[in-house]
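S.K.:
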Amino acid sequence: MEKNIIKRLSLLFLLLCPLWGLRAQESMDAYGLIPQPRMIQKTGTRYRLPAKLRLHYNDARLGFASEYLHQYLRQELSLSPTSKLSKAPGHISLLIDPQVSDEEAYRLSISKTGLSVRAGHERGALYGVMTLMQLLHSHRPRFGGRFVLPGLEIDDQPRYRMRALMLDPARNFLPVAQVKRFLDRMARYKFNTLQLHLTDDQGWRVEIASHPDLTRIGARRSSHESITDNGFYTANDLKELVAYAAQRGIEIIPEVDVPGHTAALLLAKPELRCDIARETDFVLGKTDNVMLSAVSEATFKVLDDVLRELSEIFPRGTRIHLGGDESAIERNWAVSPEHQELQKKLGYDGPRALMSYFFERVLSSARKYGLRPMLWCELDNIRMPAKEYLFDYPKDVELITWRMGLTPKCLDLTRASGHKIILAPGEAAYFDYPQFRGDLPEFNNWGMPITTLERAYTWDLKNNLYASGDGHVLGVMGTLWGEAIKDMNRVFYMTYPRALALAEIGWTTLPRRDWASFVHRLPLVLDELLRSGIPYRPPFEVYAPQPSK
Numbered sequence: 004m005e006k007n008i009i010k011r012l013s014l015l016f017l018l019l020c021p022l023w024g025l026r027a028q029e030s031m032d033a034y035g036l037i038p039q040p041r042m043i044q045k046t047g048t049r050y051r052l053p054a055k056l057r058l059h060y061n062d063a064r065l066g067f068a069s070e071y072l073h074q075y076l077r078q079e080l081s082l083s084p085t086s087k088l089s090k091a092p093g094h095i096s097l098l099i100d101p102q103v104s105d106e107e108a109y110r111l112s113i114s115k116t117g118l119s120v121r122a123g124h125e126r127g128a129l130y131g132v133m134t135l136m137q138l139l140h141s142h143r144p145r146f147g148g149r150f151v152l153p154g155l156e157i158d159d160q161p162r163y164r165m166r167a168l169m170l171d172p173a174r175n176f177l178p179v180a181q182v183k184r185f186l187d188r189m190a191r192y193k194f195n196t197l198q199l200h201l202t203d204d205q206g207w208r209v210e211i212a213s214h215p216d217l218t219r220i221g222a223r224r225s226s227h228e229s230i231t232d233n234g235f236y237t238a239n240d241l242k243e244l245v246a247y248a249a250q251r252g253i254e255i256i257p258e259v260d261v262p263g264h265t266a267a268l269l270l271a272k273p274e275l276r277c278d279i280a281r282e283t284d285f286v287l288g289k290t291d292n293v294m295l296s297a298v299s300e301a302t303f304k305v306l307d308d309v310l311r312e313l314s315e316i317f318p319r320g321t322r323i324h325l326g327g328d329e330s331a332i333e334r335n336w337a338v339s340p341e342h343q344e345l346q347k348k349l350g351y352d353g354p355r356a357l358m359s360y361f362f363e364r365v366l367s368s369a370r371k372y373g374l375r376p377m378l379w380c381e382l383d384n385i386r387m388p389a390k391e392y393l394f395d396y397p398k399d400v401e402l403i404t405w406r407m408g409l410t411p412k413c414l415d416l417t418r419a420s421g422h423k424i425i426l427a428p429g430e431a432a433y434f435d436y437p438q439f440r441g442d443l444p445e446f447n448n449w450g451m452p453i454t455t456l457e458r459a460y461t462w463d464l465k466n467n468l469y470a471s472g473d474g475h476v477l478g479v480m481g482t483l484w485g486e487a488i489k490d491m492n493r494v495f496y497m498t499y500p501r502a503l504a505l506a507e508i509g510w511t512t513l514p515r516r517d518w519a520s521f522v523h524r525l526p527l528v529l530d531e532l533l534r535s536g537i538p539y540r541p542p543f544e545v546y547a548p549q550p551s552k
């Protein structure tokens, strides 16, 4: 029912959108390309796709990209292509070209004799295919005629190395098939990273064979009181997702959040609690009163086992996110006699320094198993004025800035300390926040701020954010925390179209970015979302007439 309502609203939005007429114009915006390519040039020619379309690829590594395009042509455009491995040119040719050096770069050429996508790596070729699919969609014949594409030369590569989204199955579980559907949509817009928030107070969602109680007890929880057996991913489930994502050029980052956000873990293993913490029961919403013990050796043994088993699921060199956020140190370690004793023994001048000790131990295990550590960036205050890191982060840890209003400070600190940083500002990239006035979640609404589509697009264009450079910025991430997310329909509704704005931030260089241009290009992409059955939120407010002043 909800999906049908959203679909009808989306259709109404597209019918009423006053900018829909741009499709007929020869403006570059009329091609509906999101994210905007680095360079696009008209050649003045045209190419009419033949009825019997030949799709050729010159390298076996391009087999998936070829099959992906073949299915799109057949299923979504009702064409009848043939596809084969061949060095001979086809009407559409996918080519490995060593002259294209960046592995995510591609060159797309449309001439009067055919189409070609050249790339030095299969990932770049796949991105070229995604751009071609958008061009084909924007040039659908109106009355059953043949496809005619404008002559173009596109030379493209991304601004940032990481373009990420995050799902939170810890709060409310998302089955494998639904995550695959989400990955398919990510690939369309050139995202290359999905972080899975696998553990939190409300659920432990990853099978650990050496500790079956983690899922036997910890997975029978959720953020919604009506859901009490919320599920988990087996090792084989995650291997399947990793392989599925890799085909689409996407790395999956598992997150195990410690030493806070551990109520589900501690429900299964109460012996690992900080000695001051109370018993943990079912929790609706956020629980911040519990932490793992940094004194007990059993804590580090369990976490070592978890990391060892994750390293057997994920490829060597995979990033592992270990949380480090919102730990209630003052209510736990600071007032715990045994933690006070440990602090004195280590010569630390305050309880927060115990985070250094805790993560020295945990990060050592991660490195031992070939995992690359990441943490949420925490400062000495949760809002300005903040002066320094909560604790000394090791140099090899990649940090994600997330707290509202602290992104500029985190940028400065990481630039000075030599850390790589991923930008996920709470005020602009938290996609669980409402998109417009009155667009509140169905439950677990704690007065969330509004993050409009315009804010999601323009946050990094304002306030001279990159005045001192962004060479240490690894990328951007949009996070969809799951407290108020019950299913994949709600995931898509909250994620799109704001994820399209983030896709452009992560891919397109600043000189090529423009809010008005994005607004002009958006309807064609939303039309494709609608045709694909994606229940996005129609951004009525963007296209509504502005009130006179």
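If you use my numbering, the sequence shown corresponds to residues 4 to 552, in order. We treat Cβ as the ideally placed atom computed from N, Cα and C, and that holds for glycine. These numbers were taken from a predicted model, which means no experiment stands behind them.
(1) Taking three-plus beta-carbon pairs below 8 Å as touching, is the region 143 to 156 in contact with the region 174 to 191?
(2) Assign P273 to one of two classes, buried (16 or more other C-beta atoms within 10 Å of its C-beta) or exposed (fewer than that).
(3) As a quick exercise: from A266, Y396, Y372, pick the residue whose alpha carbon is nearest that of S314.
(4) Report buried or exposed for S86, applying the criterion of at least 16 other Cβ atoms within 10 angstroms of its Cβ.
(5) Please classify A27 as buried or exposed, where buried requires at least 16 neighbouring CB atoms within 10 angstroms.
(6) When you compare only the Cα positions, how much space is there between L98 and V132?
(7) Is it buried or exposed for G263, if we count other Cβ within 10 angstroms and need 16 for buried?
(8) May I ask you to list the residues that DSSP assigns as paired with M165?
(9) For T196 and E254, which I take to be in contact (beta-carbon distance under 8 Å), what is that distance rounded to the nearest angstrom?
(10) How many Å lie between A122 and L36 at the Cα?
(11) Is P376 helix, strand or coil when you go by DSSP?
(12) So, for A238: in the same chain, excluding its five sequence neighbours on each side, which residues have a beta-carbon less than 6 Å away from its beta-carbon?
(13) Report back the beta-carbon spacing between H200 and A173 to the nearest angstrom; my notes put them in contact at under 8 Å.
(14) When you compare only the Cα positions, how much space is there between W484 and N61?
(15) Residue range of the alpha helix (DSSP H) that Y460 falls in?
(16) Determine the burial state of E513: buried for a count of at least 16 other Cβ atoms within 10 Å of its Cβ, exposed for fewer.
(17) Would you check if the distance between the CB atom of F146 and the CB atom of R51 is smaller than 9 Å?
(18) Determine, using beta carbons only, whether I375 and G421 come nearer to each other than 9 Å.
(19) Report yes if the C-beta of T482 is less than 8 Å from at least one heavy atom of the ligand NAP; otherwise report no.
(20) Once the 5 residues before and after E531 are set aside, which same chain residues still bring their CB inside 7 Å of it?
(21) Specify the secondary structure class of R188 as computed by DSSP and reduced to three states.
(22) Can you tell which of L378, Y499, A470 has its C-alpha closest to the C-alpha of Y433?
(23) Please state whether DSSP places G117 in a helix, a strand or coil.
(24) Can you tell me where the alpha helix (DSSP H) holding G429 begins and where it ends?
(25) Across which residues does DSSP place H342 in a beta bridge pair?
(26) What three-state label does DSSP hand P257 in the structure shown?
M.R.: So, from the data block:
(1) Contact between the region 143 to 156 and the region 174 to 191 is absent, because fewer than three Cβ pairs lie under 8 Å.
(2) In the sequence shown, the residue the question calls residue 273 occupies position 270. Label assigned to P273: exposed.
(3) Translated into positions along the sequence shown, residue 314 becomes position 311. Considering only A266, Y396, Y372, the residue with the shortest C-alpha distance to S314 is Y372.
(4) Against the sequence shown, residue 86 aligns to sequence position 83. The residue in question, S86, is buried, as its Cβ has 16 or more Cβ neighbours within 10 Å.
(5) For this step, residue 27 is matched to residue 24 along the sequence shown. Per-residue confidence for A27 stands at a pLDDT of 35, beneath the threshold of 50, marking its modelled position as unreliable; no derived number is given.
(6) On the sequence shown, position 95 is the one that residue 98 refers to. On the sequence shown, position 129 is the one that residue 132 refers to. C-alpha separation (whole angstroms): 11 Å.
(7) What you label residue 263 is simply residue 260 of the sequence shown in a count that begins at 1. Counting Cβ neighbours within 10 Å, G263 comes out buried, since at least 16 surround it.
(8) For the purposes of this step, residue 165 is taken as the residue at position 162 of the sequence shown. According to DSSP, which records beta bridges pairwise, M165 is partnered with G478.
(9) What you label residue 196 is simply residue 193 of the sequence shown in a count that begins at 1. What you label residue 254 is simply residue 251 of the sequence shown in a count that begins at 1. The Cβ separation is near 5 Å, so the contact holds.
(10) Counting from one through the sequence shown, the residue named residue 122 turns up at place 119. Counting from one through the sequence shown, the residue named residue 36 turns up at place 33. Approximately 19 Å between the Cα atoms of the pair.
(11) On the sequence shown, position 373 is the one that residue 376 refers to. Residue state, collapsed to three classes: strand.
(12) Here the question's residue 238 lines up with position 235 in the sequence shown. So the list reads E210, I316, once near-sequence residues are dropped.
(13) Start at 1 with the first residue of the sequence shown, and residue 200 comes out as number 197. Start at 1 with the first residue of the sequence shown, and residue 173 comes out as number 170. Between A173 and H200 the Cβ distance is about 5 Å, and since that is below 8 Å, they are a contact.
(14) Within the sequence shown, numbered from 1, the residue matching residue 484 stands at position 481. Within the sequence shown, numbered from 1, the residue matching residue 61 stands at position 58. When the Cα atoms are used, W484 and N61 turn out to be separated by approximately 42 Å.
(15) Looking up residue 460 in the sequence shown gives position 457. That run of the alpha helix (DSSP H) goes 456 to 461.
(16) As a position in the sequence shown, residue 513 is number 510, starting the count at 1. The question names Glu, yet the displayed sequence has Leu at residue 513. When all chains shown are included, L513 counts as exposed.
(17) Along the sequence shown, one-based indexing puts residue 146 at 143. Along the sequence shown, one-based indexing puts residue 51 at 48. No, these two residues do not count as a Cβ contact at 9 Å.
(18) Taking the sequence shown and counting its residues from 1, the one referred to as residue 375 is at position 372. Taking the sequence shown and counting its residues from 1, the one referred to as residue 421 is at position 418. In the sequence as displayed, the identity of residue 375 is Arg instead of Ile. Taking 9 Å as the Cβ cut-off, R375 and G421 do not qualify as a contacting pair.
(19) What this structure holds is no ligand at all, so the ligand NAP is not there to describe.
(20) One-based indexing of the sequence shown puts residue 531 at position 528. If we look at E531 and ignore the five residues flanking it on each side, its Cβ neighbours are H140.
(21) As a position in the sequence shown, residue 188 is number 185, starting the count at 1. R188 sits in a helix when the DSSP states are folded into three classes.
(22) Looking up residue 433 in the sequence shown gives position 430. When only C-alpha atoms are compared, the closest one is Y499.
(23) In the sequence shown, counting from the first residue as 1, residue 117 sits at position 114. In this structure, G117 counts as strand in the three-state DSSP scheme.
(24) Indexing the sequence shown from 1 puts residue 429 at position 426. Judged by DSSP secondary structure, G429 falls within the alpha helix (DSSP H) whose first and last residues are 429 to 432.
(25) Counting from 1 along the sequence shown, the entry for residue 342 is found at position 339. Partner(s): none; H342 has no beta bridge.
(26) In the sequence shown, counting from the first residue as 1, residue 257 sits at position 254. Under the three-state reduction of DSSP, P257 is assigned to strand.
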